[in-house]
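Notes follow the structure.
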Amino acid sequence: MLSTPSISLVLWSLAPGPDPDGEQLRLLPLLDPGERARWDRFRDGRDRWSYAAAHALCRLSLSASPAAVGPRAAPEDWRFLEGPHGKPEVDTARSKAQARPFSISHTRGLSACARLDAPPAPGLAVGVDVEGRNRPLEAQGLADRFFHPLEARWLSSLPEEAVLGAFMGLWTLKEAVVKALGTGIQQGLETFHVATTPPRLVEADAPFGERGHWRLEQWNQGENHALALALRAPDPGIVRVVHRTFVGVDSLLAEGEPL
Ligand SMILES: CC(C)(COP(=O)(O)OP(=O)(O)OC[C@H]1O[C@@H](n2cnc3c(N)ncnc32)[C@H](O)[C@@H]1OP(=O)(O)O)[C@@H](O)C(=O)NCCC(=O)NCCS
Numbered sequence: 000m001l002s003t004p005s006i007s008l009v010l011w012s013l014a015p016g017p018d019p020d021g022e023q024l025r026l027l028p029l030l031d032p033g034e035r036a037r038w039d040r041f042r043d044g045r046d047r048w049s050y051a052a053a054h055a056l057c058r059l060s061l062s063a064s065p066a067a068v069g070p071r072a073a074p075e076d077w078r079f080l081e082g083p084h085g086k087p088e089v090d091t092a093r094s095k096a097q098a099r100p101f102s103i104s105h106t107r108g109l110s111a112c113a114r115l116d117a118p119p120a121p122g123l124a125v126g127v128d129v130e131g132r133n134r135p136l137e138a139q140g141l142a143d144r145f146f147h148p149l150e151a152r153w154l155s156s157l158p159e160e161a162v163l164g165a166f167m168g169l170w171t172l173k174e175a176v177v178k179a180l181g182t183g184i185q186q187g188l189e190t191f192h193v194a195t196t197p198p199r200l201v202e203a204d205a206p207f208g209e210r211g212h213w214r215l216e217q218w219n220q221g222e223n224h225a226l227a228l229a230l231r232a233p234d235p236g237i238v239r240v241v242h243r244t245f246v247g248v249d250s251l252l253a254e255g256e257p258l
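The opening residue of the sequence shown carries number 0 in numbering that gives the first Met the number 0; numbering runs sequentially from there.
Set out below in structure tokens:
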């Protein structure tokens, strides 16, 4: 009997080490001139670090994917295209390599990249989102305005001290979903319903396809960050999720990844 081969989804997150400025100098040579120009436009050093880290992490992750998926490029040689709503994808011609679906996210103090160890295929996609957990937000007001009505109603039923954490859980899941979908928040966040315990897509319309093709995961990353992953695949249950957290570029290097 033929069995469907399992594929891996590799999620790497990176937090700054004790010398973030020195780390940036090591990461920058991996970026292309366009990325370096965008990096240079961030005013706050924490934003510069997380931008450089996310883009370098993505390049290192793509280069560390199995050769069996197809030819790989060196980290600095990957080239990217933007989809119609800004979703980045590998430019196979200019990279001289096989594309792999991926997603990146960056916020102060944490960057992440998720990649699938498979060539791009219809209905196969990944989205990742990281956010600071302790931001002063009008959580209920934002949910009432932007989220699905049942999500807003659920938040309003919680004790006050639980609302911000629950909101961040919903928000990161919803952002991960629209990043996997490729639309970003142009797909209104009110048009689909997610739940956090356990993470899942409860209800969604046409552009999302079959609900059973979605798998959502989420983690708290240290005390300060929430991280969410959305996978869309014909059989998401067979995908093996491998999640590694690195603190500082040295810890990434210690794993023997190229840099
Ligand atoms: C894509 C989107 C979801 C970005 O999310 P974000 O949380 O602001 O930023 P993240 O760091 O998580 O992700 C940014 C990365 O997503 C990727 N991205 C951009 N557009 C994308 C799209 N349409 N689909 C998938 N990925 C996309 C890019 O790699 C981008 O990195 P870059 O800007 O360094 O090149 C976007 O639609 C957006 O504008 N979000 C705004 C969030 C917001 O205001 N939410 C309010 C909720 S109450």
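Don't be surprised by glycine CBs; every beta carbon is placed ideally from N, CA and C. Model, not experiment: these values are computed from the prediction.
- Rounded to the nearest whole angstrom, the C-alpha separation of Ala-66 and Pro-206 is 32 angstroms.
- Taking every protein chain shown into account, the CB of Ala-36 has fewer than 16 other CB atoms within 10 angstroms, so this residue is exposed.
- The three-state secondary structure of Glu-137, taken from DSSP, is coil.
- When DSSP reads this structure, Ala-203 sits in a beta bridge with Phe-191.
- The DSSP-derived three-state label of His-54 is helix.
- For Val-177, the Cβ falls inside the 7 angstroms cut-off from some heavy atom of ligand 1.
- Here DSSP, grouped into helix, strand and coil, assigns Gln-217 to strand.
- Counting along the chain, the unbroken beta strand (DSSP E) around Glu-81 starts and ends at 79-81.
- Closest in alpha carbon position to Val-68, among Gly-164, Asn-223, Ile-6, Glu-222, is Ile-6.
- Annotated three-state conformation of Arg-99 is coil, per DSSP.
- Counting along the chain, no beta strand (DSSP E) covers Asp-20; the unbroken alpha helix (DSSP H) around it starts and ends at 19-26.
- Distance between Pro-118 and Arg-99, taken at the CA atoms: about 5 angstroms.
- Of all alpha-carbon atoms in Cys-112, Asp-143, Gln-185, the one lying nearest the alpha-carbon of Pro-83 is that of Gln-185.
- Sorting His-212, Leu-251, Thr-244, Glu-222 by C-alpha distance to the C-alpha of Pro-233 places His-212 at the top.
- In this structure, DSSP gives Ala-63 a state outside helix and strand, which the three-state scheme calls coil.
- As a beta-bridge residue in DSSP terms, Trp-11 pairs with Cys-112, Arg-243.
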